Amino acid sequence: MTVIKINAITVAPDSGDELAHRFAARAGAVDGQAGFEGFELMKPTDDRTTWLVVTRWSDEDSFQAWVNSPAFGHGHRSEAERSGQPAPAHVGVSSELWSYVSAGGSPA
Ligand code: HEM
């Protein structure tokens with residue numbers, strides 16, 4: 095059964111665009127990972143400062159395998175870090191992992 099893992103990243107009020115920019119620079123980093131079914135970065139349209147990275151996986155084990163893989167660490171390192179330079183400051187001030195499965199609904 096598909097599992098949905100949501101990383102809820104809270105950013106400083108003016109940092110959202112930079113977060114989106116960093117994700118755009120790393121789009122595709124998870125493609126090809128076993129069990130990965132896609133992700134979407136959700137931007138708040140009210141005055142909240144928590145963005146959601148909604149990822150879908152074919153099962154829990156596939157997600158755990160990715161989170162514990164070198165690919166996860168690599169994908170979360172900036173270009174600067176990868177080339178040995180100091181890491182730019184993180185945009186997020188905190189993050190929280192939420193885990194869901196579908197409990198019903200209606201396909202589009
Ligand atoms: C549910 C799965 C995921 C988890 C648990 C996770 C975990 C994290 C964590 C802990 C942060 C740090 C937030 C902070 O700065 O406080 C982060 C940031 C980030 N993640 Fe993920 N992530 C996930 C999925 C993804 C995916 C699918 C991508 C893109 C392919 C991605 C790309 C990024 C980027 C670009 C940042 C911003 C780093 C920065 O501030 O420079 N993440 N993630």
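Each residue of the sequence shown is one higher than the last, beginning at 95 in our numbering.
The C-beta atom is built at its ideal place from N, Cα and C for all residues, glycine as well.
The structure presented is a predicted model; accordingly, all values stated were derived computationally and were not measured.
Report all residues from its chain with a CB closer than 7 Å to the CB of residue i; omit the five preceding and five following residues, and keep chain order.
i    : result
K99  : T149, W151, F157, L191, S193
K137 : G110, A114, W145
F166 : W160
N101 : V147, S189, L191
E131 : T96, R150, W151, S152
P107 : T143
Is there a Cβ from chain D that is less than 9 Å from the Cβ of residue i?
i    : result
F117 : Absent from the structure: chain D. Only one protein chain is present.
Spatial neighbours of residue i within its chain, please: C-beta separation below 8 Å, excluding the five flanking residues on both sides.
i    : result
A174 : P180, A181, P182
V225 : With the chain represented from 95 up to 202, any question about residue 225 goes unanswered, as that position is not in the structure.
Beta strand (DSSP E) containing residue i: first to last residue?
i    : result
S188 : 186-195
Classify residue i as helix, strand or coil using the three-state DSSP reduction.
i    : result
A174 : helix
Using a Cβ-Cβ cutoff of less than 6 Å, which residues in the same chain neighbour residue i once the five nearest sequence positions on both sides are dropped?
i    : result
E112 : V185
T104 : T143, T144, V187, S188
Item to check | Unbroken stretches of the alpha helix (DSSP H), 4 residues or longer, contained in the segment 98-169 | outcome: Segments of the alpha helix (DSSP H) lying fully in the segment 98-169: 110-120, 154-161, 164-169.
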